[in-house]
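**Student:**
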Ligand SMILES: C[S@@+](CC[C@H](N)C(=O)[O-])C[C@H]1O[C@@H](n2cnc3c(N)ncnc32)[C@H](O)[C@@H]1O
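Numbering (the working numbering), first residue to last: 253 to 496.
(1) Quick one: Cα of residue 327 to Cα of residue 468, how far?
(2) Across which residues does DSSP place residue 354 in a beta bridge pair?
(3) Per the DSSP calculation, residue 436 is bridged to which residue(s)?
(4) Taking the alpha carbon of residue 403 as the point to measure from, which residue in 377, 385, 391, 352 has its own alpha carbon closest?
(5) Whole beta strand (DSSP E) runs in the stretch 355 to 393 with 3 or more residues, listed along the chain?
(6) What residue does the alpha helix (DSSP H) around residue 266 start on, and which one ends it?
(7) Mind checking whether the beta-carbon of residue 269 lies closer than 7 Å to any heavy atom of ligand 1?
(8) Under three-state DSSP, which class holds residue 401?
(9) Looking only at C-alpha atoms, which of 313, 307, 489, 344 sits nearest to residue 370?
(10) Would you check whether ligand 1 has a heavy atom nearer than 7 Å to the C-beta of residue 414?
(11) List the DSSP bridge partners of residue 314.
(12) Taking only three categories from DSSP, how would you classify residue 462?
(13) Comparing alpha-carbon positions, which option in 288, 474, 274 lies nearest residue 318?
(14) Could you say if the stretch 279 to 286 and the stretch 411 to 420 meet the contact criterion of at least three C-beta pairs nearer than 8 Å?
(15) Mind checking residue 333: buried by the 16 CB within 10 Å criterion, or exposed?
(16) Any heavy atom of ligand 1 closer than 7 Å to the beta-carbon of residue 335?
(17) Within 10 angstroms of its Cβ, does residue 250 collect 16 or more other Cβ (buried), or is it exposed?
(18) Could you please give me the residues that DSSP links to residue 288 through a beta bridge?
(19) Given this structure, state the Cα-to-Cα distance separating residue 450 from residue 399, to the nearest angstrom.
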């Protein structure tokens, strides 16, 4: 998969994507990350990429010309997204959609944002990573890259993980997990997980995922059409572990 990122701080994205599983994915050739600095497409001595907004107002905006020329020179994989808080919310479903394609691209804004003509005439859409305002799009780009690349076949140690974790095949949040020791400062691992009864453990896990999702994200239960009679019975059979 090829991902192109247009950023005034290519090092930020490059360093993040050089570590851990993303670094391995790049080394293995699963991810071809191409970084482009719009500053390379300036001609003045100060290599200016920003300017004051028409009509006045706080802060500076990224000028359209370095961004347009940077994109035209790179011919990046489409869709090309502008990152911004007003965009379509990035989520696991979109991560799966991107992971099933050959590639995509992102433009990271800085300052107060970018000249609107970039949004209107250069990109295919706008992506947000949540109702929060960042200083720039680089952290958002890294978030998107990590969420997508970990879904590529071969990128994760355990191929089952994307199915069994939150927002996976069940559409639920994940159940709680425990590792050794079974008794940590008097805090005990639920007995059932040490029982060896794998069928019962699977039912307990589903019940816990349902309890947790119903309490924390009832919208996800709604989205799958509510609870089935079997699921209601599971909730009765296995009480929830505490989530303080
Ligand atoms: C300080 S922000 C600009 C915020 C803009 N003035 C507004 O009020 O919507 C600078 C850049 O950070 C990036 N950014 C900030 N928050 C983001 C978010 N929630 N999702 C994606 N990108 C974001 C965008 O690229 C944006 O152009």
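Ideal placement from N, C-alpha and C gives every residue a C-beta, glycine not left out.
**Tutor:** Put simply:
(1) As a position in the chain shown, residue 327 is number 75, starting the count at 1. As a position in the chain shown, residue 468 is number 216, starting the count at 1. Distance between the alpha carbons of residue 327 and residue 468 is about 43 Å.
(2) On the chain shown, residue 354 is found 102 positions in, with the first residue counted as 1. Checking the DSSP bridge columns, you'll see residue 354 has no partner listed.
(3) For the purposes of this step, residue 436 is identified with residue 184 of the chain shown, where counting begins at 1. Bridge partners of residue 436: 439.
(4) Here residue 403 is taken as the residue at index 151 of the chain shown, counted from 1. Looking from the CA of residue 403, the closest CA among 377, 385, 391, 352 belongs to 352.
(5) For the stretch 355 to 393, whole beta strand (DSSP E) runs of length 3 or above, ordered along the chain, are 355 to 359, 377 to 380.
(6) Within the chain shown, residue 266 is the residue found at index 14, counting from 1. Looking at the DSSP string, the run of the alpha helix (DSSP H) that includes residue 266 is 262 to 268.
(7) Start at 1 with the first residue of the chain shown, and residue 269 comes out as number 17. It does not: the Cβ of residue 269 is nowhere closer than 7 Å to a heavy atom of ligand 1.
(8) Position 149 of the chain shown, counted from the start, is the residue given in the question as residue 401. Assigned with DSSP and collapsed to three states, residue 401 falls in helix.
(9) Start at 1 with the first residue of the chain shown, and residue 370 comes out as number 118. Of 313, 307, 489, 344, the smallest CA-CA separation from residue 370 is found for 313.
(10) Mapped onto the chain shown, residue 414 falls at position 162. Answer for residue 414: no, Cβ out of range of ligand 1.
(11) What you label residue 314 is simply residue 62 of the chain shown in a count that begins at 1. For residue 314, which the question treats as bridged, DSSP gives the partners 302, 366.
(12) Here residue 462 is taken as the residue at index 210 of the chain shown, counted from 1. Three-state DSSP puts residue 462 in a helix.
(13) The residue you call residue 318 lines up with position 66 of the chain shown. Closest by alpha carbon: 288.
(14) A contact is defined here as three or more CB-CB pairs under 8 Å, and the stretch 279 to 286 fails this definition with respect to the stretch 411 to 420.
(15) Your numbering for residue 333 matches position 81 in the chain shown. By the C-beta density criterion, residue 333 is buried, having at least 16 other C-beta atoms within 10 angstroms.
(16) The residue labelled residue 335 in the question sits at position 83 within the chain shown. Taken from the Cβ of residue 335, at least one heavy atom of ligand 1 lies inside 7 Å.
(17) In the structure as shown, the chain begins at 253 and stops at 496. Residue 250 is therefore absent and cannot be evaluated.
(18) As a first step, residue 288 is located in the chain shown; it is residue number 36 there, counting from the start. Looking at the DSSP assignment, residue 288 forms a beta bridge with 258.
(19) On the chain shown, position 198 is the one that residue 450 refers to. On the chain shown, position 147 is the one that residue 399 refers to. In a straight line, the C-alpha of residue 450 is about 30 Å away from that of residue 399.
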